[in-house]
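Below is one structure; the comments refer to it alone.
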Amino acid sequence: MVKTPFVITLAQLLKFPQVTLPVTLACAGNRRKEQNVVRKGNGFNYGSAGHSTALFTGILVNEVLKIAKPLRGARYMCMEGNDKLPTGSYGTSIRLSIAMDPTMGVMLAHKMNGEPLTPDHGRPLRVVAPGQVAGRSVKWLKRIIISDKPSDNYYHTFDNRVLPTMITSEIAAEQKYWYDDERYALYNLNVQSTICYPAHEETIMVEEGKSYSVRGFAFSGGGARIGRVEVSLDQGQTWKLASIDYFEDQYRNAIHYPNLFGGTLDMADREHSFCWCFWKIEIPTMELSTAKDIVVRATDERMSIQPRDMYWNVLGMFNNCWHRLTITKEQDGCSLKFDHPVVPGLTKGGWMEKVKEQGGELTDGFWGTRSLISASSETNSLSVVNMINNDVKRIITEEELSQHNKDGDAWFAINGHVYDASEYLKDHPGGSDSIILASGADASDDFLAIHSDAAKAMLVKYHIGILETNSLKNNVINGKHMNSERDIFLDQKNWNTVTLMEKIVLNHDSVRLTFALKHPHQKLGVPTGKHLYLRCISSSGKKVVRAFTPTSTADQVGKFNLVVKLYRASGNWCGGKMSACIDRLKPGDTVECKGPFGDFEYQTGGTLVIKNIAHQVSRFTMIAGGSGITGIYPILRSAHRDGIKCHVVDCNKTEVDILMHQELDGYKRVRHCLSRPANGWKGHSGYISKALIGPVHDGFLLCCGPTGMMESVRKIAETDGWDIKKQVIFL
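Quick look at the structure:
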């Protein structure tokens, strides 16, 4: 889209006015390894030094573009190199308005630090786009095209982008249209700062009256100057201001060198900043000895500031969260050791890998550690939720508590206080069984691990007394726990420990866990259709409880299986608490189980028991969504064995999300429906519908999955004529 297309040689370009500019080029993948430690994305393990600064000499590209005369409507300057890569030459584009603006300094460079470009740096001619990601500075330049659209080159489309944080490697591979959105393309660099000294694993002595010079670099994009650099020794509660050296200003003041390396040094007339700057701050070693870490953040003159938390993305681009070094007191008590987040490349090292190996949650907002702020906030949060009636003074013994343990008379204790939930049994969302089974004893761990603050606040209404403790309960419970030779492993009243035997990764977010029971002839004790509770300890020491349905058969001995979907941390979302616990599990680790629970049970011969009432069934329609298939599959397996007709619809986002795919393929009447199918998918597409559910029959409709999907099934079933109260069961 130019009025005057032309071909020009390097010799002709050298006749144009030449300029020399100091420019920092920085890769958008800087600090990618930090993201890869959190979760592996696509890209090399770059540290924080993927950049360089040089004096480039060449022709401002606007001088060439003025001859070409871009037409109205042109918006992009597309560039192509002369290299040969697996998918063609490298190409990309920048906005034409930037290229045409001489103050932005975009040039066609042929010299670097006074010498002709070397082959590695783009000889004979390259683009240098100050303030833009280095991937826009095309080397071995062959062609410039002016267009109304951005470059359609493979490398422009699939590189230098920040896709939304929920897009995983698997999703990006299957749904390539995410790369087509130009809103996700990177142009101007973001604000960045890094601590260089102390170096990784550097050790310093702590001495009275002695200071250490903490120092590093910072830069921003689009010509913006760094306005301030701040350092904190208390995880961001307070900040210290560092001094900054803008070395490029020396070239602005060098008016007695109007020419440098054959080009005009016109920095005196430029307000934009094209280079990194160096910062430093003197900190007494005694003060460093009282800190756990050092963090740094920079702010540019536009008040763009580095965020505290990482924005994870599949390409690992633009990671500019606060740069953090940990401080460890050596055993001699007189020296401090510093650790950087990572060691670049494949070399192991850095505090991030240590935290991950120890089970810490790197995205918890405090780098996997418990800070003073988080501990204080949690204490305040817990104290706000009042669970007692201060007017209640009655003293209740453990013996008296233990007598109220049945339907219609259910007491339980939490944190030394007794509650009577008898009136609430019929209204409990989890069913009356879960309260009855916890009654007559202390339920603190289970209640606090599962319930919200709102549920905790409801306890005030049911508070009846203060528990007088003794050792009777513990003796009884411990004696029962020690009975490892019983035929059935699970106990509805008490937690029992199992050991992880095997952990198999099924796909990008799901695993199969195999746990060993106490002896090889022992059965788990979960009838088909019921579930158990699993209890783990989080990295912060909290107990986390969730319900799971075993995928192994009810008569399996010595071990049992769980298929678990993991809701991992991503971006600003910290992920599921139980998911984090399971992600850290490794063979040999132990967890606790209790059960079985649930109002639904499928028994041999087509008998269905719902809330202790038996029904004979000859037909099932089963609807599963995502990990809900784990609740459906055991019933399908048993019913199919008994000759019960089963029509199954398994709903997922993509084909890779289908859990137990191989097992389901063994059943003829299983249909898969994908909401985000890939090209070539031959199954059903879209969402659950009346057509997929099929006609009403005299059997049962079972549904297990996300809340939104189950609500859709409920509405369809009501409209279609199913008896919601008698025929439709939500597991």
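Taking numbering that gives the first Met the number 0, the leading residue of the sequence shown gets 0, the next gets one more, and so forth. We treat Cβ as the ideally placed atom computed from N, Cα and C, and that holds for glycine. In this text the structure is predicted, and so the values were computed from the model without any measurement.
Inset, instruction - Would you identify the three-state DSSP class for Asn35, choosing helix, strand or coil? - result: helix
Inset, instruction - Report the three-state DSSP secondary structure of Glu114 (helix, strand or coil). - result: Collapsing the DSSP output to three states places Glu114 in a strand.
Legend entry - Residues that DSSP places opposite Val727 in a beta bridge: For Val727, the pairing in a beta bridge is given by DSSP as Leu700.
Inset, instruction - Please determine, among Leu607, Ile243, Ile280 and Val655, the residue with the shortest C-alpha to C-alpha distance to Leu635. - result: Each of Leu607, Ile243, Ile280 and Val655 was checked against the Cα of Leu635, and the nearest Cα belongs to Leu607.
Legend entry - Euclidean distance between Cα positions of Ile225 and Val341: Approximately 25 Å between the Cα atoms of the pair.
Inset, instruction - List the residues that DSSP assigns as beta-bridge partners of Asn258. - result: Thr263
Inset, instruction - Would you mind giving the Cβ-Cβ distance between Phe216 and Ala27, rounded to the nearest angstrom? I have them listed as a contact below 8 Å. - result: Rounded, the Cβ-Cβ distance is 17 Å, inconsistent with contact.
Inset, instruction - Can you grab the Cα-Cα spacing for the pair Thr167 / Val36, in whole Å? - result: 15 Å
Legend entry - Met500 versus Gly587: straight-line alpha-carbon distance, rounded: 6 Å
Inset, instruction - Report yes if the CB atom of Leu489 is closer than 8 Å to the CB atom of Cys592, and no otherwise. - result: yes
Inset, instruction - State yes or no: is the C-beta of Gly134 within less than 8 Å of the C-beta of Asn159? - result: In this structure, Asn159 lies closer than 8 Å to Gly134 by Cβ.
Legend entry - Pair within 8 Å by beta-carbon distance, Ser509 and Lys564: Judged by beta-carbon spacing, Lys564 lies within the 8 Å limit of Ser509, meaning their Cβ atoms are closer than that value.
Inset, instruction - Mark Phe55 as exposed unless 16 or more other C-beta atoms lie within 10 angstroms of its C-beta, in which case mark it buried. - result: buried
Legend entry - Alpha-carbon to alpha-carbon, Val712 and Thr718: 10 Å
Inset, instruction - Put Cys26 into one of helix, strand or coil per three-state DSSP. - result: coil
Legend entry - Backbone secondary structure at Cys274 - three-state DSSP: coil
Legend entry - Bridge partner(s) assigned by DSSP for Ala409: Asn404
Legend entry - Span separating the alpha-carbon of Tyr250 from that of Leu264: 8 Å
Legend entry - Contact under 8 Å by Cβ, Pro149 with Ser92: yes
Legend entry - Three-state class that DSSP yields for Cys333 in the structure shown: coil
Inset, instruction - Indicate whether Val190 and Asp299 have their beta-carbon atoms separated by less than 8 Å. - result: Yes, these two residues count as a Cβ contact at 8 Å.
Legend entry - Bridge-paired residues (DSSP) for Ile194: Beta-bridge pairing by DSSP links Ile194 to Gly215.
Inset, instruction - Reducing DSSP to helix, strand and coil, say where Asn61 ends up. - result: Of the three classes helix, strand and coil, the one that applies to Asn61 here is helix, per DSSP.
Inset, instruction - Excluding the 5 residues preceding and the 5 following Gly528 in the sequence, name in chain order all residues of the same chain whose CB lies nearer than 6 Å to its CB. - result: Phe599, Glu600, Tyr601 and Ile634
Inset, instruction - Out of Ala267, Asp664 and Phe619, state which residue places its alpha-carbon closest to the alpha-carbon of Cys702. - result: Phe619
Legend entry - Close beta carbons around Asp444, own chain, < 6 Å, minus the five adjacent residues each side: Lys542
Inset, instruction - Could you tell me whether the Cβ atoms of Leu232 and Glu181 are closer together than 8 Å? - result: At the C-beta level, Leu232 and Glu181 stay beyond 8 Å of one another.
Inset, instruction - Take Pro595 and list the residues in its own chain whose beta-carbon comes closer than 8 Å to its own, dropping the five residues that flank it on each side. - result: Cβ neighbours of Pro595 beyond the five flanking positions: Leu489, Gln491, Gly524, Val525, Pro526, Lys529, His530 and Leu531.
Legend entry - Distance between Val590 and Ser334 (C-alpha atoms, nearest Å): 39 Å
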